[in-house]
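Below is one structure, written out as structure tokens, with a few remarks after it.
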Amino acid sequence: MLRLLQGRRSVRAYLPDPVSTEQLTYLLEAARWAPSPHGRQPWRFAVITRQEARQRLAAAMGERWQQQLALDGQEPEIVQIRLQKSHERILTAPAIVVPCLYLEDLDTYPDPERQAAETTMAIQSLGCAVQNMLLAAYGLGLDGGWMCAPLLLPRHRA
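The following block contains the structure:
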């Protein structure tokens with residue numbers, strides 16, 4: 001197991017080889033075995049393989065990210081380079097799995113302290129599920145990478 005953990009790397013350039021339905025199912029099954037608060041598994045996964053959907057996702061993410069980078073004071077040339085790399089990464093990945101957290105699936109409590117803890121546990125469990133998928137992908141000989149830009153589009157539909 002340690003070799004699996006040490007060998008896995010996030011990659012940013014992908015081969016054009018398709019990921020099979022069987023492989024994607026295997027990755028989703030690996031995610032299902034992640035720990036979750038009270039066994040609720042408050043997550044779902046959107047699997048994007050169609051080029052048109054990837055293009056819409058890349059465009060929406062790029063537009064929002066460009067605004068954020070400008071607010072950060074990044075130079076316009078640097079912003080364009082970063083956007084181009086991100087865009088290429090999304091468009092060349094043969095499959096994208098978008099993890100989605102469903103807070104309404106959690107237990108509810110009358111006090112904010114326990115509710116906040118429930119939310120924290122849900123976020124942690126989603127991270128565990130994604131890690132399971134990344135390790136399973138590596139075990140299958142596939143490369144993958146964690147990408148944070150989709151957080152900028154919490155309500156977007158590809």
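In my numbering, the protein residues as written are 1 to 158.
We put the CB at the ideal spot given by N, CA and C, even for glycine.
Keep in mind it's a predicted model, so treat the numbers as computed, not measured.
Ser20 (DSSP reduced to helix, strand or coil): In the structure shown, the three-state DSSP call for Ser20 is coil.
Proximity to Thr120 [Cα-Cα], best of Arg50, Tyr102, Thr21, Ala136: Looking at the Cα atoms, Tyr102 is the closest of the given residues.
Inter-stretch contact (C-beta, 8 Å, three-pair minimum) for the segment 116 to 136 and the segment 33 to 42: Contact holds between the segment 116 to 136 and the segment 33 to 42, because three or more Cβ pairs, one in each stretch, are under 8 Å apart.
As assigned by DSSP and simplified to three states, the class of Gly144: When secondary structure is reduced to three states using DSSP, Gly144 falls in the strand class.
Length-filtered (4 minimum) alpha helix (DSSP H) runs lying within the segment 103 to 144: Whole alpha helix (DSSP H) segments, 4+ residues: 112 to 139.
Neighbourhood of Thr49 by C-beta distance below 6 Å, restricted to the same chain and skipping five residues each side: Ala95, listed in sequence order.
Residues of its chain near Gly62, where Cβ-Cβ distance is below 8 Å and the 5 sequence neighbours each way are ignored: Only Leu83, Ser86, His87 meet the Cβ criterion.
Segment contact flag, the segment 11 to 29 with the segment 135 to 152, C-beta cutoff 8 Å, min 3 pairs: With contact defined as three or more Cβ pairs closer than 8 Å, the segment 11 to 29 and the segment 135 to 152 are in contact.
Close-in-space but distant-in-sequence residues of the same chain around Gln66 (CB under 8 Å, 5 per side omitted): The residues are Val79, Leu83.
CA-to-CA distance, Thr108 to Gln160, given in whole angstroms: The structure shown does not extend to residue 160, since the chain is modelled only from 1 through 158, so no value can be given for it.
Residues near Val97 in its chain [Cβ-Cβ closer than 6 Å; skip 5 each side]: Within the same chain, Val97 has close Cβ partners Phe45, Val47.
Trp65 - containing alpha helix (DSSP H), residue span: Segment 51 to 71, the alpha helix (DSSP H) holding Trp65.
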